[in-house]
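Accompanying notes for the structure given below.
Protein chains: 2
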Amino acid sequence: MLAQAISRLRQLGVRITPQRQEVLRVLLEGKQPSTAEEILKKVRSRYPRVSQDTIYRTLATFKKLGLVNELHFSDRCRRFEINIRGDHHHHMVCIQCGNAWKLPDCPLECLMRAKNYYPDFQIEDHSFVIYGYCPKCRGA
Amino acid sequence: MLAQAISRLRQLGVRITPQRQEVLRVLLEGKQPSTAEEILKKVRSRYPRVSQDTIYRTLATFKKLGLVNELHFSDRCRRFEINIRGDHHHHMVCIQCGNAWKLPDCPLECLMRAKNYYPDFQIEDHSFVIYGYCPKCRGA
DNA sequence: GAGTTATTCCGAACAGCTTTCAGTTATTAC
DNA sequence: GTAATAACTGAAAGCTGTTCGGAATAACTC
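Going line by line, the protein sequences match chains W and D.
Heads up: the first sequence runs through residues 0 to 139, numbered per numbering that gives the first Met the number 0.
Heads up: the second sequence runs through residues 0 to 139, numbered per numbering that gives the first Met the number 0.
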């Protein structure tokens, strides 16, 4: 998985630095979409001197290459998630703890209806997010 | 419309200040969900001394009272929209110019499927956004 | 293994938003 | 009306997530 991603980077003519490898590793391991800060923390547990803007720049690079998706939930920070081919999905997000779960499917019907309704709009992307309280945070 | 909203504020025990009335007016006039900065600019054209934090505070108050919806598109700032009863809707947003259009419907099916899939998650809200290029920005 | 050039690190800047606090004002009680 | 008071406002400072500029470093090319 990591090896795959790295060879993909190499193909794309991007330098493979230890920092980038580590960011990739963290993204692949992370089960939740992560904020830059979370990623930084994890990367620093191995490479303590990595600066936060290396993280931001790396994520920007990966995003441009399509290796990573950038997500915006209802808080102020961006989250990043590895983009695995054929794994298009949406999220259910806990307002309390910020954790996210994959939704079982995608509102395709709605997307098609919108397409018919606004035929001249050139659709590029879409997002569906459900907000609420996860089982753990419900009681607390 | 404005009078309605104001009487609703009064019912809720919130003070009716000129600043708040003006924010309401701007929101009711605005056809697009607006950023705090846009709202501030418009409010200042009548009340030049209004501070930005009054805008933020007012919007937070209105949101708490359910008078206003907060939206998150793919950029980093929040947008606000007047919440008219019975007018639940989602948005189609132009990546270029930032304008937004109301979608004809809501991905209810998808929401229900998610509900069945994660029965212990307490759903509070949801958002569906379509991104792309509007007819005007397509060519440019 | 030397050169080149992208990438990294660091400090500081920036944008959007929030807090604090002193002063003002819309509302309530008289 | 008038006074009391709790809610509100404006100004400035502060916070958080993100980006920039430039010198130093190190990955890739030959």
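For every residue, glycine included, the Cβ atom is placed at its ideal position computed from N, Cα and C.
The structure displayed is predicted, hence computed values, not measured ones.
What residues in its chain sit with their C-beta under 7 Å from that of residue i, if we drop five residues either side in the sequence?
i      : result
H125/W : L110
Could you check the C-alpha separation between residue i and residue j for me, to the nearest Å?
i      : j     : result
F120/D : G97/W : 13 Å
K62/D  : S73/W : 14 Å
R14/D  : L8/D  : 7 Å
K101/D : G29/D : 14 Å
Y130/D : C93/W : 24 Å
G138/W : V25/D : 39 Å
F79/W  : V67/W : 7 Å
K135/D : I81/D : 26 Å
Hey, quick one: how far does the alpha helix (DSSP H) through residue i stretch, first residue to last?
i      : result
F61/W  : 51–63
V25/W  : 17–28
M111/W : 107–116
L70/W  : Where L70/W is concerned, there is no enclosing alpha helix (DSSP H), although the beta strand (DSSP E) it sits in stretches over 67–71.
L102/W : Per DSSP, L102/W belongs to no alpha helix (DSSP H) and is neither H nor E.
Is it buried or exposed for residue i, if we count other Cβ within 10 angstroms and need 16 for buried?
i      : result
M0/W   : exposed
L27/W  : exposed
A113/W : buried
S50/D  : exposed
Can a CB atom of chain W be found closer than 7 Å to the CB of residue i?
i      : result
G132/D : Note that residue 132/D corresponds to Tyr in the displayed sequence, not to Gly. With 7 Å as the cut-off, Y132/D counts as an interface residue toward chain W.
L26/D  : no
H90/D  : no
P32/D  : no
C96/D  : no
How is the beta strand (DSSP E) around residue i delimited, first residue to last?
i      : result
R78/W  : 77–81
Y132/D : 121–132
V13/D  : Premise fails: V13/D is in no beta strand (DSSP E) and is neither H nor E.
Establish whether the CB of residue i and some CB of chain D are separated by less than 7 Å.
i      : result
D119/W : yes
V128/W : yes
R78/W  : no
Please go through the same chain and pick out, in chain order, the residues whose beta-carbon is closer than 8 Å to the beta-carbon of residue i, but skip the five residues on each side of it.
i     : result
L39/D : V49, Q51, I54
If you drop the 5 nearest sequence neighbours on each side, which residues of the same chain put their C-beta closer than 6 Å to that of residue i?
i     : result
Q31/W : N98, A99
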